[in-house]
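Student:
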Amino acid sequence: MADIIKLLPDHVANQIAAGEVVQRPASVVKELMENAIDAGASCIKLIIKDGGKTLIQVVDDGSGMSETDARLSFERHATSKISSAQDLFNLATKGFRGEALASIAAIAHVDMQTRTANNEVGTHLKIEGSKIVSQEVVATPKGTSISVKNLFFNIPARRNFLKSTQVELRHITDEFHRVALVHPNIEFHFYNNGSEIFNLPSTKHRQRVVHVFGTKMDGRLVPVSEETEVVKVSGFVCKPEFAKKSRGEQFFFANNRFIKSPYLHHAVVAAFEGLIKSDTHPGYFLYLDVDPSSIDINIHPTKTEVKFDDENTLYAILRSTIKHSLGQFNVAPVLDFDHDPNLDTPYSYKEKGAVIPKVTVDASFNPFQETPVKKSASGNGFRKQSAKGWEDLYEGLGNQDDQNAFSSVVIESESEEQGTLYSGNDIEEHLASTFQLRRKYVVSTVKSGMLVIHQNRAHERILFEKFLGEITVKEGVSQQLLFPLELTFNKQELAVVREIQESLTNIGFVFDGLDNETVKVTGVPMMFPESGIGTVLDRLIADYMEGYSDGSISQAEILAKVLSRNLAVRTGDVLDSESQLMLVNNLFACKEPNLSPFQKITYTIISEGDIDKKFN
1 MADIIKLLPD HVANQIAAGE VVQRPASVVK ELMENAIDAG ASCIKLIIKD
51 GGKTLIQVVD DGSGMSETDA RLSFERHATS KISSAQDLFN LATKGFRGEA
101 LASIAAIAHV DMQTRTANNE VGTHLKIEGS KIVSQEVVAT PKGTSISVKN
151 LFFNIPARRN FLKSTQVELR HITDEFHRVA LVHPNIEFHF YNNGSEIFNL
201 PSTKHRQRVV HVFGTKMDGR LVPVSEETEV VKVSGFVCKP EFAKKSRGEQ
251 FFFANNRFIK SPYLHHAVVA AFEGLIKSDT HPGYFLYLDV DPSSIDINIH
301 PTKTEVKFDD ENTLYAILRS TIKHSLGQFN VAPVLDFDHD PNLDTPYSYK
351 EKGAVIPKVT VDASFNPFQE TPVKKSASGN GFRKQSAKGW EDLYEGLGNQ
401 DDQNAFSSVV IESESEEQGT LYSGNDIEEH LASTFQLRRK YVVSTVKSGM
451 LVIHQNRAHE RILFEKFLGE ITVKEGVSQQ LLFPLELTFN KQELAVVREI
501 QESLTNIGFV FDGLDNETVK VTGVPMMFPE SGIGTVLDRL IADYMEGYSD
551 GSISQAEILA KVLSRNLAVR TGDVLDSESQ LMLVNNLFAC KEPNLSPFQK
601 ITYTIISEGD IDKKFN
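Counting in the UniProt record's numbering, the sequence shown runs from 1 upward without gaps.
1) Alpha carbon to alpha carbon, what distance is there between residue 463 and residue 200?
2) Does the pairing of the region 264–272 with the region 309–322 give three or more beta-carbon distances under 8 angstroms?
3) Quick check: the Cα distance between residue 380 and residue 220, rounded to an integer number of angstroms?
4) Would you say the region 499–519 touches the region 177–184, given that touching needs at least three Cβ pairs under 8 angstroms?
5) Evaluate residue 139 with the Cβ neighbour count: other Cβ atoms within 10 Å of its Cβ, from every protein chain shown; 16 or more gives buried, anything less gives exposed.
6) List in chain order: all unbroken beta strand (DSSP E) runs of 3+ residues lying wholly within the region 136–213.
7) Do residue 244 and residue 280 have their beta-carbon atoms positioned less than 8 angstroms apart in this structure?
8) Determine which residues share a DSSP beta bridge with residue 55 and list them.
9) Pick out whichever of 6, 119, 251, 580 has its Cα sitting closest to the Cα of residue 435.
10) Using a Cβ-Cβ cutoff of less than 6 angstroms, which residues in the same chain neighbour residue 404 once the five nearest sequence positions on both sides are dropped?
11) Under a three-way DSSP split, which group does residue 65 fall into?
12) How big is the Cα-Cα spacing for residue 171 and residue 26?
13) Do the region 286–300 and the region 227–242 touch if we need at least three Cβ pairs shorter than 8 angstroms?
14) Cutting at 6 angstroms between CB atoms, please list the residues of its own chain near residue 540, excluding the five before and the five after it.
15) Touching or not, the region 207–214 and the region 52–66, by the rule of three or more beta carbon pairs under 8 angstroms?
16) Going by DSSP, name the residue or residues bridged to residue 39.
17) From which residue to which residue does the beta strand (DSSP E) around residue 7 run?
18) With 16 other CB atoms within 10 Å as the buried threshold, where does residue 363 fall?
19) What did DSSP end up calling residue 410 once you bin it into helix, strand or coil?
20) Quick check: residue 465 and residue 591, are their CB atoms within less than 8 angstroms of each other?
21) In this structure, does DSSP put residue 579 in helix, strand or coil?
22) CB-CB under 6 angstroms to residue 397, same chain, minus the five flanking residues each way: which ones, in chain order?
23) Counting only runs of 3+ residues fully inside the UniProt domain "DNA mismatch repair protein S5" (209–327), write out the beta strand (DSSP E) ranges in chain order.
24) Cα separation between residue 77 and residue 190?
25) Can you list, in chain order, the residues of its chain with a C-beta nearer than 7 angstroms to that of residue 313? Leave out the 5 residues immediately preceding and following it.
26) Decide if the region 29–48 is in contact with the region 117–132; the criterion is three or more beta carbon pairs, one per stretch, under 8 angstroms apart.
27) Taking buried to mean at least 16 other C-beta atoms within 10 Å of its own C-beta, is residue 8 buried or exposed?
28) Can you list, in chain order, the residues of its chain whose CB lies under 7 angstroms from that of residue 604, leaving out five sequence neighbours each side?
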């Protein structure tokens, strides 16, 4: 039998390695920025075009490379970081494998210019698909500039799997955050399509976090600090009231390297137990310094998954440290049996003397007099509104078939052209037969048996189709605010608002000034409660950033889903009889009433035969 095992050519082996190291443009950004940090750079510039698909350029003022080192750096397993296997247990640099540049050069067009401080001229290298096209002498500043163009040009299948430009830019921004947050002593610049996104001067950790996530973050941070023989913990956690439903602002750094550790994340969540809701996640920026010999980072190509020698001890230290910080800064309640704050005299009353209280009597009060009690719906339920004078509300808006004043606390009856489940003289009868079960289900009778509707999912379906129609048709009605609301967003959140601004305008939002961190909201959709606009927009941005990451559905559909989930009636809300009936009618006026926007069943029908079987 002939020999069948063959040694792969270098360019094929490089492409295989590139599949592990370079998964998307953000992977290239990570590797190049970490190389710049290892080179001792004090200023790093990141330049991106078209989400990294066209250009990724990293410019640093580090030590640079000689002509020989520049040529050798693109060979596999060529590195200056380690020299023996023993060095793997005492790593002080970001990279050590010597695979990144070789992998990047195998699947892209790479242009590198580099010069050391001792040389008057530098080296200019051009590489395409692992092949060196040219090497020449060039006049260039001290440091290194690497441009990666046309990523995956020779692997079209991988290029087709890349997401949209916005999604890839978001991943690049995440990698930029992970590198910039752990190195506040380095100046960073981030440019996208010619516009400056970040300009981060050299500063301290707290200021770096504020510069990245906006000025509003400064008031949310609680310092964390503890030093033991096992680990030194420093950084910040966010106050419990600012916990979010998304996991965006959660960063672990071990020995100045970003890591992912579900086990240590659980320790942070355990420290917040009782302070935040079960469906929210605390924000944190935690820096762990451990003995390099007690941590193994060589278990994953991206180096984000690590293994600690004694994770149980780290868990206990981290949990107790955060608990101590929350209590020390009066974030968590502290039990002090020797002091009762209720017995403290208010400051304004310390100089006042005691006076005899005066008692007044209403002589005309009659406890037996009956007064009519006005029935009002709860803040979270539904309320009926008078239809008198409704023409004035829509004066000047033209002829519209549907009413756009669909409130988060009001379910309006649909027009008769859409059809209703009940009509004519049957309405009063069904009002009496429709009831709410455990503040979660709406139960009504139909000809075939009993109809049970999940009120939250049903309302999500109703709102989803309404919002989707308004975004598509652009017929949303805006309610102008007498006093504009000022909301503060960080740069990443502001980029999302700009991205979805047109869709938000279509449903009724009016923004003034999207250039600064402070945005004025001058108009909102009719269905939005004014008091909750900031909360809804925060949830909208967070959910949109998570939901749009797959790029599989349209922007309008994502926005409609997010808005319907945040504005729909919740489980536990009390509905009166009219609102229950309107919910039933509006649900069956939808195009797809049987499923919620998140593909969950909205209702079920229990037939009379099924009920009879229970008694047999």
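Even for Gly, the Cβ is constructed at its ideal location relative to N, Cα and C.
Tutor: According to the structure data:
1) As a first step, residue 200 is located in the sequence shown; it is residue number 200 there, counting from the start. As a first step, residue 463 is located in the sequence shown; it is residue number 463 there, counting from the start. So the alpha carbons of these two residues sit roughly 42 angstroms apart.
2) Here the region 264–272 makes contact with the region 309–322; the two share three or more CB pairs at distances below 8 angstroms.
3) Position 380 of the sequence shown, counting from 1, holds the residue named residue 380. Position 220 of the sequence shown, counting from 1, holds the residue named residue 220. Legend: pLDDT at residue 380 = 44, less than 50; position of this residue unreliable, value from coordinates given subsequently. If you take the alpha carbons of residue 380 and residue 220, they lie about 28 angstroms apart.
4) As far as the Cβ criterion goes, the region 499–519 does not touch the region 177–184, which means the pair count is below three.
5) As a position in the sequence shown, residue 139 is number 139, starting the count at 1. It is exposed - the Cβ of residue 139 has fewer than 16 other Cβ atoms within 10 Å.
6) Entirely contained in the region 136–213, the beta strand (DSSP E) runs reaching 3 residues are, in chain order, 143–149, 187–192, 195–200.
7) Within the sequence shown, numbered from 1, the residue matching residue 280 stands at position 280. Within the sequence shown, numbered from 1, the residue matching residue 244 stands at position 244. Against a cut-off of 8 angstroms, the Cβ pair of residue 244 and residue 280 comes out as a contact.
8) If you number the sequence shown from 1, residue 55 lands on position 55. Looking at the DSSP assignment, residue 55 forms a beta bridge with 49, 149.
9) Your numbering for residue 435 matches position 435 in the sequence shown. The residue with the shortest Cα to Cα distance from residue 435 is 580.
10) The count along the sequence shown starts at 1 and reaches residue 404 at position 404. Its pLDDT being 36, under 50, residue 404 is placed unreliably in this model, and the value from its coordinates should be taken loosely. In the same chain as residue 404, and ignoring 5 residues on each side of it, the C-beta atoms closer than 6 angstroms to its own belong to 477, 526, in chain order.
11) Numbered from its first residue, the sequence shown carries residue 65 at position 65. If DSSP states are grouped into helix, strand and coil, residue 65 belongs with coil.
12) Here residue 171 refers to the residue found at position 171 of the sequence shown. Here residue 26 refers to the residue found at position 26 of the sequence shown. One C-alpha to the other measures close to 6 angstroms.
13) Contact between the region 286–300 and the region 227–242 is present, because at least three Cβ pairs lie under 8 angstroms.
14) For the purposes of this step, residue 540 is identified with residue 540 of the sequence shown, where counting begins at 1. Closer than 6 angstroms at the Cβ level, and outside the excluded window around residue 540, lie 562.
15) Contact between the region 207–214 and the region 52–66 is absent: fewer than three C-beta pairs spanning the two stretches fall below 8 angstroms.
16) Indexing the sequence shown from 1 puts residue 39 at position 39. DSSP lists no partner for residue 39.
17) Within the sequence shown, numbered from 1, the residue matching residue 7 stands at position 7. Note, residue 7: premise wrong, no beta strand (DSSP E); not H, not E.
18) Residue mapping note: residue 363 aligns to position 363 of the sequence shown, counting from 1. With a 10 Å radius around the Cβ and a threshold of 16 neighbouring Cβ atoms, residue 363 comes out exposed.
19) Position 410 of the sequence shown, counting from 1, holds the residue named residue 410. Model confidence at residue 410 stands at a pLDDT of 41, short of 50, so the residue's coordinates are unreliable; what they give is reported in the following sentence. Reduced to three states, the DSSP call for residue 410 is coil.
20) Stepping through the sequence shown from its first residue, residue 465 is reached at position 465. Stepping through the sequence shown from its first residue, residue 591 is reached at position 591. Yes. Within cutoff.
21) If you number the sequence shown from 1, residue 579 lands on position 579. Secondary structure at residue 579: helix, using DSSP grouped into helix, strand and coil.
22) Counting from one through the sequence shown, the residue named residue 397 turns up at place 397. Its pLDDT being 48, under 50, residue 397 is placed unreliably in this model, and the value from its coordinates should be taken loosely. Taken in chain order, the list of residues that qualify is empty.
23) Those beta strand (DSSP E) runs which fall completely within the UniProt domain "DNA mismatch repair protein S5" (209–327) and span 3+ residues are 221–227, 231–238, 250–254, 284–290.
24) Here residue 77 corresponds to residue number 77 of the sequence shown, with the count starting at 1. Here residue 190 corresponds to residue number 190 of the sequence shown, with the count starting at 1. Whole-angstrom Cα-Cα distance: 30 angstroms.
25) The residue labelled residue 313 in the question sits at position 313 within the sequence shown. Hits under 7 angstroms: 230.
26) Segments in contact, no.
27) For the purposes of this step, residue 8 is taken as the residue at position 8 of the sequence shown. Of the residues assessed, residue 8 falls on the exposed side of the cut-off, its CB having fewer than 16 other CB atoms within 10 angstroms.
28) Walking along the sequence shown from the start, residue 604 turns up at place 604. Here residue 604 has 452 as same chain residues with Cβ atoms under 7 angstroms from its own Cβ, once five neighbours each way along the sequence are excluded.
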